[in-house]
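Under our numbering, residues 8 to 255 are what the sequence shown spells out, in order. A short write-up of the structure that comes next.
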Amino acid sequence: MSKVLRRHCRAAILLCTLLAVAGRPVPLQAQVGYDPAKSPFRDIRSSTFLTLVGGYFFGDGGRVGVAPHDGPVGGIRLSFLANRSLQVGAGVLYGSQTRNLIDPNKTPAEQVTGTATHGTVWVEGSLQFNFTANKTWNGLAPFVGTGIGVSFTESVPEDPGNYTTGTKFFIAPMIGTRYFLTENLHLQVDARFNFWQLSYPSTYLQEPFEDPGTPNDPHAVIPDGRPKEWSVTPWVNLGLGFPFRLPF
């Protein structure tokens with residue numbers, strides 16, 4: 008065999024070897040770049056969840072303390088995954104809070120005559136953006152969102168100033184996360200801020216009969232004459248959620 012032929016044979020053998028190596032099947036891990044079993048991400052298989060909620064409303068009652076103060080809150084929420092990242096929901100919550108009782112006709116030192124307990128119902132819709140879309144990361148599914156709705160606060164008949172928070176529109180931006188204990192059970196924690204506008208009766212702007220003040224030293228409950236204010240209240244919730252199948 009001539010040197011040229013031997014050289015060509017060696018080249019052909021080398022080429023066939025390279026082609027054989029290149030054509031060998033590769034493991035699935037090499038094809039996708041990551042072993043799915045080791046991925047920190049897991050699919051959230053259900054798109055509808057029912058969540059039982061308990062929390063605490065950290066209210067101060069507004070500038071004069073007659074709106075809802077702090078107290079426990081509980082309720083129920085139903086949420087739907089609208090697409091991979093967007094979730095919508097609806098909920099009803101009830102809270103029991105204290106509030107101040109004010110008699111605007113008394114002297115400033117005696118205007119707060121006591122406290123009372125009343126209830127507030129929140130009916131809300133919510134819009135939520137899920138950072139990990141329809142998946143969890145190491146069991147976590149963090150989100151931001153907002154609740155929007157209407158609240159109804161009980162009146163207090165024994166209030167000498169006839170103040171009632173009444174029916175209010177509210178908006179509640181929130182941030183939180185779900186932690187999936189199993190595929191069908193998760194904990195949810197969120198922190199939110201409840202924004203609503205409080206309106207005070209005209210008697211709060213007037214000087215008290217028992218001790219009227221002066222323009223330089225007003226004794227009215229609200230001395231600056233502003234009958235409305237936006238009140239912002241921190242609020243935290245902890246929930247237990249599970250998949251829910253709609254009957255329709």
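Think of the CB as a built atom: it goes at the ideal place given N, C-alpha and C, for glycine as much as any other residue. All figures in this text were calculated on a predicted structure; none of them were measured in a lab.
Give the straight-line distance between the Cα atoms of residue i and residue j, rounded to the nearest whole angstrom.
i: Leu-245; j: Thr-174; result: 25 Å
i: Asn-107; j: Thr-210; result: 16 Å
i: Pro-115; j: Gly-220; result: 10 Å
i: Leu-253; j: Ser-53; result: 12 Å
i: Phe-56; j: Phe-87; result: 7 Å
i: Leu-85; j: Thr-240; result: 23 Å
i: Glu-236; j: Asn-223; result: 23 Å
i: Thr-122; j: Lys-113; result: 16 Å
i: Asn-145; j: Phe-48; result: 6 Å
i: Gln-7; j: Leu-247; result: In the structure as shown, the chain begins at 8 and stops at 255. Residue 7 is therefore absent and cannot be evaluated.
i: His-125; j: Arg-185; result: 31 Å
i: Asp-231; j: Leu-147; result: 48 Å
i: Phe-187; j: Glu-165; result: 47 Å
i: Ile-83; j: Leu-100; result: 6 Å
i: Phe-251; j: Thr-58; result: 9 Å
i: Val-119; j: Pro-225; result: 17 Å
If you reduce the DSSP assignment to three classes, tell me which class residue i lands in.
i: Tyr-207; result: coil
i: Asn-244; result: strand
i: Glu-190; result: coil
i: Glu-214; result: coil
i: Pro-254; result: coil
i: Glu-236; result: strand
i: Ala-198; result: strand
i: Glu-117; result: helix
i: Ala-19; result: Note that Ala-19 has pLDDT 45, beneath the 50 cutoff, so the model's placement of it is unreliable and the number below is only indicative. Three-state DSSP puts Ala-19 in a helix.
Out of the options, point me to the one whose CA is closest to residue i's CA.
i: His-76; options: Leu-247, Ser-238, Phe-187, Asn-141; result: Ser-238
i: Trp-203; options: Arg-49, Glu-190, Asp-67; result: Asp-67
i: Val-243; options: Ser-206, Ile-182, His-226, Tyr-207; result: Ile-182
i: Pro-234; options: Gly-82, Thr-58, Arg-70, Phe-56; result: Arg-70
i: Leu-212; options: Val-99, Pro-164, Tyr-170, Ala-97; result: Tyr-170
i: Phe-159; options: Asn-90, Ala-89, Gly-102; result: Gly-102
i: Tyr-207; options: Pro-225, Gly-72, Phe-216; result: Gly-72
i: Phe-200; options: Ile-178, Leu-188, Tyr-186, Arg-185; result: Ile-178
i: Gly-62; options: Ala-97, Ala-74, Pro-79; result: Pro-79
i: Thr-143; options: Gln-118, Thr-153, Thr-189, Trp-129; result: Thr-189
i: His-193; options: Trp-129, Ile-51, Ala-227; result: Ile-51
What do you reckon, are the CB atoms on residue i and residue j nearer than 9 Å?
i: Thr-127; j: Gln-104; result: yes
i: Val-151; j: Pro-180; result: yes
i: Glu-131; j: Val-157; result: yes
i: Phe-136; j: Asn-191; result: no
i: Pro-167; j: Ile-109; result: yes
Could you tell me whether the Cβ of residue i comes closer than 9 Å to any Cβ of chain D?
i: Ile-178; result: Looking at the structure shown, chain D is missing, and only one protein chain is on hand.
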